[in-house]
Structures are given as structure tokens and as C-alpha cells.
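Heads up: the sequence lines are chains A and B, in that order.
Numbering-wise (the working numbering), the first sequence opens with residue 39 and increments by one.
Numbering-wise (the working numbering), the second sequence opens with residue 655 and increments by one.
Where a beta carbon is used, it is the ideal one built from N, C-alpha and C, also for glycine.
Here's the structure, in C-alpha cells; my notes come after.
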Amino acid sequence: MTRTRVTLEVNGVGREAWVAPSDLLVDVLHDGLGLGEVRYGCGEGVCGTCTVLLDGEPVSACLTLAVQAEGHAVTTLSALTGEGGSLHPLQEAFLRLGGSQCGFCTPGVILTAYALARRERAPSRAEIRYELVGNLCRCTGYTKILDAIESYLADGAP
Amino acid sequence: MVSVPFEYTRVVSYDEAVQALCDHDEDAKLLAGGQSLVPMLNLRLVRPTVLIDINAADTREPYLDSGRLVLPALTRHAQLLADPAVRWNAPLLSAAARYIGNVRVRNRGTLGGSLAHADPTGELSCAALALDASVVVRGPRGEREIAVADLFDGYLTTRLKQEDVITELRVPVGRPAPGARGWSFQEAARRASDFAVVAAAACVEVDPGRGAVRHARVGLAGVADRVIPAEPAAIGSIVGTVPTDAALADVARAAAEATSPETDVHASGAYRRRLVAVLTRRALAEAIGRAHETLAAA
């Protein structure tokens with residue numbers, strides 16, 4: 039099978055990778071580029087652990103071919119953390135309110151919430167819940183996750 | 655990589671897509687949003703030799719053209735929710751799109767892909783049926799229009815040929831006669847984001863004055879090997895009347911009795927039929943209620 043060299047814009051940086059047409063974006067980001075926060079979960083677009091932002095909107099990296107991401111801006115969780123690994127205010131809110139336990143789902147949840155906060159100024163709790171339908175958490179339950187996102191929004195979504 | 659290996663080609667027009675389909679054998683597949691196709695690849699339920707990516711084939715937004723709302727096949731579900739032209743002219747499609755998958759599916763999934771996938775529980779197929787919509791199909795010998803009611807041929811199967819590409823959905827939205835329209839989408843699913851167990855989409859038109867029903871059409875999902883119209887004889891019996899709740903319940907029960915849904919792991923046939931009665935009644939009541947509100951506001 040032919041491999042082609044693609045240049046992907048990941049977190050604002052051009053990254054080169056050799057990919058087969060059938061390589062999924064999640065595999066290239068996680069295995070190829072070492073971005074551990076993009077996680078293979080269900081492989082069917084249901085669980086949300088491979089969530090990345092494609093041109094600012096959440097997509098499943100397990101349902102996107104790597105070749106399809108060419109020419110689009112890919113954002114993963116590490117784009118949110120600041121210099122020296124300082125946490126983003128949304129991450130701080132999760133830490134403060136116990137919105138993360140084992141952490142496996144957290145990058146996907148945070149990116150989904152981040153995209154919502156950029157799009158809607160003051161979503162209701164029901165709207166946040168609707169937006170997060172596709173991000174499954176098996177540890178905390180969703181109450182603390184919703185509390186953390188609401189707290190971040192209440193602070194003006196910095 | 656979990657799928658079988660395949661080649662990948664990108665096209666920038668529908669004509670190129672048709673040509674690419676002609677150039678390859680029947681194991682070539684079109685890739686639009688990929689929200690049904692890629693899971694099937696990952697599970698190895700499909701084993702294509704080549705994927706033809708049509709995401710760059712069309713950049714149009716939904717628009718109005720002589721009393722019809724034209725929705726390019728690559729319209730994403732998220733656009734159905736956000737686009738003012740869709741929300742104003744075909745709110746039933748926006749309501750149906752709310753029930754699809756999750757936010758990531760709605761960001762990538764396309765209207766044309768959803769119709770071509772022909773899932774018998776597909777929300778958009780069900781709504782398009784109630785709206786009396788049709789698809790525009792391009793093939794090697796040019797374009798033709800097919801009513802959504804004639805598009806499906808069974809489970810995950812359409813009547814399209816291997817070389818055909820759906821390019822548009824056209825929804826009649828003209829308001830020729832005085833009166834008002836109403837709509838409703840009702841769905842029962844095991845959990846939010848699951849496939850529908852049963853869904854019902856209703857479209858009605860009422861006369862001015864006392865608001866007698868002039869036209870009523872209901873689409874059903876999850877009760878057969880394709881989306882189907884609810885029994886027209888049953889639904890048609892409310893035309894010319896302002897139906898009471900009891901009359902709607904009778905009509906919905908008759909519509910349910912005309913279906914013979916299968917039993918599967920998600921629900922029994924008997925439960926599905928019961929859902930048809932309940933959801934059809936709710937859909938008609940809400941659609942007629944909306945039409946009456948519009949009349950009252952006019």
C-alpha cells in the first residue's frame with residue numbers, strides 16, 4: 039500500500055508524517071506524533087476519548103482519516119496548556135471541582151467544553167449536558183464535570 | 655490501522671466523483687462525513703478497494719430556489735441546526751438533526767451521506783420523507799430527481815446505481831395557499847445519542863379560519879427495513895377535520911396496526927408498534943398545535 043507524506047497543522051505547528059490512506063488521525067497523532075492526550079477508545083465515534091478540534095470544532099480522530107486532516111487546523115489538549123505546563127483555566131476548574139478522576143476521558147471532555155464556550159456565551163446546564171452526550175466518563179459521573187464547566191463559564195470563559 | 659488497506663482519492667466536483675466511480679469497480683465507496691462508513695471500516699464490516707473523498711466537491715450553503723429549499727448533499731448536520739435558511743424553511747430537519755449521534759457526528763456527518771447510507775432508523779431520511787422531499791442524483795448520463803419515498807430499497811440499500819452520487823436534497827417550502835404549516839419530530843431511543851428505536855416525523859398544513867387539516871404526512875423510522883410513510887389511509891382520515899385528541903389517538907393506533915416491525919436486541923416488535931401509536935399521536939398533535947399557533951399569530 040502506498041504511503042504518502044502529509045503535512046498536518048497540529049497545535050499551530052506543521053508536522054510531517056508518512057501515512058497510509060487507511061491510517062486514522064488518532065493513530066498518527068498518538069502513535070506517530072506522540073500526543074498521548076488523543077486516545078483510542080471505542081473506534082466508533084461514540085466515547086469521545088479521541089476528540090480533537092478540526093478547524094475549531096470537535097471531531098472524532100478515530101473516524102477521520104489522517105489524509106483528510108491535510109489543510110485543516112488540528113487542535114489537541116496540549117494546545118491549551120501554557121508555557122512550562124501551566125494549566126488552562128478550564129483545566130484549573132476541573133482540578134478545583136473534582137471533574138477529573140482517572141483522566142482518560144478528560145482531554146476529550148475539556149476540548150468539547152472549550153469549543154462550546156467559544157461558540158456560546160452562556161449555555162444552560164442542559165445545553166452543556168447535550169453537548170457532552172458523546173463524551174463518556176466512567177469514574178466521576180457527570181455532575182462534577184458539569185460543575186467545573188459551569189464554573190469556568192461563570193468566570194467569563196478566559 | 656484497523657481497517658483493511660485501501661487506496662484514497664480526492665475529487666473536487668461531483669462530475670469527478672462520478673468519473674472516479676466509473677473508473678473503479680463496485681468495491682469503490684464514496685467518503686463524505688465518514689460517521690457511518692469509518693466505523694464500518696474500523697469494524698471491517700466493509701472492505702473497499704478505494705475511497706473517493708467528496709468533501710471538497712461542493713462548497714455551497716443551503717439556499718432557496720423557486721419555492722424549494724435546496725440543501726447541498728455535503729450539508730453537515732450541525733449546519734441543519736445552525737443555518738437560518740434551514741431553521742426558518744424546514745425546521746423539521748433541524749429538529750431531526752438534534753437527535754443524531756453526538757456533537758462530533760453532527761460536525762462531520764452529511765445530509766447526502768445519511769440518505770445514501772439508508773439506515774432504517776435514520777432521522778434525516780424519516781424527516782425528508784415527511785417533507786415530501788426529493789434527492790438530485792448525478793450519474794454518467796446526467797442528473798435526475800428521485801423522490802425520497804422512492805429512494806430506499808431495503809436495509810442500508812438505495813435504488814441508486816454504483817456510479818450515482820447524491821448532490822442535493824430539495825424540500826418543497828412554498829406557501830401557496832393561505833393557512834399554516836406545522837411540524838414535529840418525536841423519537842424514542844434507549845439512551846441519548848443511540849440509534850432510534852422508533853421515530854416519527856409529522857408535517858401538516860391547516861386551512862385558515864377554524865384550522866381544519868388540509869394535508870398531513872408522517873414518516874416512521876425503526877419499524878421496517880427502511881424508513882416508511884405512516885399508513886396514508888389512516889393519516890388521511892383527519893384531513894378536513896380539526897381532530898380531537900381521541901381522534902388522533904385512533905388514527906395513530908390505525909397507523910401502528912399497519913406496521914409489522916421486527917423484534918431485535920433493542921426492542922420487541924410489539925413494543926415498537928406501541929411506540930408508533932404513541933409517537934405518531936404526539937407528532938400529529940404537536941404539528942397541528944404549531945400550525946394553529948401560527949394561524950392565531952397571523
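Contact holds between the stretch 920-937 of chain B and the stretch 850-858 of chain B, because three or more Cβ pairs, one in each stretch, are under 8 Å apart.
Each residue's CA atom was taken as its position, placing His731 of chain B and Gly122 of chain A some 39 Å apart. Secondary structure of Val827 of chain B (DSSP, three-state): coil.
With a contact defined as Cβ atoms closer than 8 Å, Gly833 of chain B and Val872 of chain B miss out at about 19 Å. Across the set A:Ala151, A:Thr178, A:Cys175 and A:Asp185, the C-alpha of A:Ala151 shows the shortest separation from the C-alpha of Leu118 of chain A.
For a Cβ distance threshold of 7 Å, residue set Tyr662 of chain B lies close to Val105 of chain A, ordered along the chain. When Cβ-Cβ separations below 8 Å define contact, Arg762 of chain B makes contact with chain A. Annotated as proximal: Ala107 of chain A and Leu63 of chain A, with beta-carbon spacing under 8 Å.
Think of a sphere of 7 Å around the beta carbon of Ala846 of chain B: the chain A residues whose beta carbon falls inside it are Val171, in chain order. Burial is judged here by how many other beta carbons sit within 10 angstroms of a residue's own beta carbon; Val930 of chain B has at least 16 and is buried.
Within the stretch 918-930 of chain B, not one residue has a Cβ closer than 9 Å to any Cβ of chain A. Taking the C-beta atoms as reference points, Leu823 of chain B is found nearer than 8 Å to Ala787 of chain B. Contact annotation for Ser657 of chain B against chain A: Ser60 [CB-CB distance below 7 Å, chain order].
Between the beta-carbon of Leu723 of chain B and that of Val740 of chain B there is about 7 Å, and that keeps the pair under the 8 Å contact cut. Contact between the stretch 689-696 of chain B and the stretch 760-778 of chain B is present: 3 or more CB-CB pairs across the two stretches fall below 8 Å. Contiguous alpha helix (DSSP H) elements confined to the stretch 81-128 of chain A do not occur, taking only those with 4 or more residues. Contact of Ser98 of chain A with chain B is assigned, a C-beta pair being separated by under 8 Å. When the Cα atoms are used, Leu46 of chain A and Ala55 of chain A turn out to be separated by approximately 8 Å. Interface annotation, Arg698 of chain B: not in contact with chain A, CB-CB separation never under 8 Å.
The DSSP-derived three-state label of Gln816 of chain B is coil. Sorting A:Gly136, A:Val51 and A:Val57 by C-alpha distance to the C-alpha of Glu661 of chain B places A:Val57 at the top. Minimum Cα-Cα distance from Ile708 of chain B among the listed residues B:Thr821, B:Arg864, B:Asp848 and B:Thr948 corresponds to B:Thr821. DSSP places Thr181 of chain A in the helix class (H, G or I) of the three-state scheme. Closest in alpha carbon position to Val827 of chain B, among B:Val704, B:Ala952 and B:Ala744, is B:Ala744. According to the DSSP assignment, Gln673 of chain B belongs to the alpha helix (DSSP H) that extends over Tyr668 to Asp677. Taking CB atoms only, Leu101 of chain A has a neighbour in chain B less than 8 Å away. Non-local beta-carbon contacts of Cys780 of chain B in its own chain, meaning distances under 6 Å to residues more than five positions away in sequence, involve Ala853, Ala855, Gly873, Ala875 and Val881 in chain order.
Here DSSP, grouped into helix, strand and coil, assigns Glu885 of chain B to coil. The beta-bridge partner set that DSSP reports for Gln840 of chain B consists of B:Ala854. In terms of Cα proximity to Gly141 of chain A, the closest of A:Glu75, A:Gly172, A:Arg157 and A:Leu125 is A:Glu75.
Along the stretch 69-92 of chain A, going in chain order, the ones with a CB nearer than 8 Å to a CB of chain B are Gly81, Glu82, Gly83, Val84, Gly86, Thr89 and Leu92.
For Leu949 of chain B, the uninterrupted alpha helix (DSSP H) run begins and ends at Gly923 to Ala951, by DSSP.
With fewer than three CB-CB distances shorter than 8 Å, the stretch 791-806 of chain B does not count as touching the stretch 753-760 of chain B. Per DSSP, the unbroken beta strand (DSSP E) holding Asp707 of chain B starts and ends at Val704 to Asp707. In this structure, His920 of chain B sits away from Val877 of chain B, with a CB-CB distance that is not shorter than 8 Å. With contacts defined by Cβ atoms closer than 8 Å, Ser748 of chain B and Val171 of chain A do not form a contacting pair.
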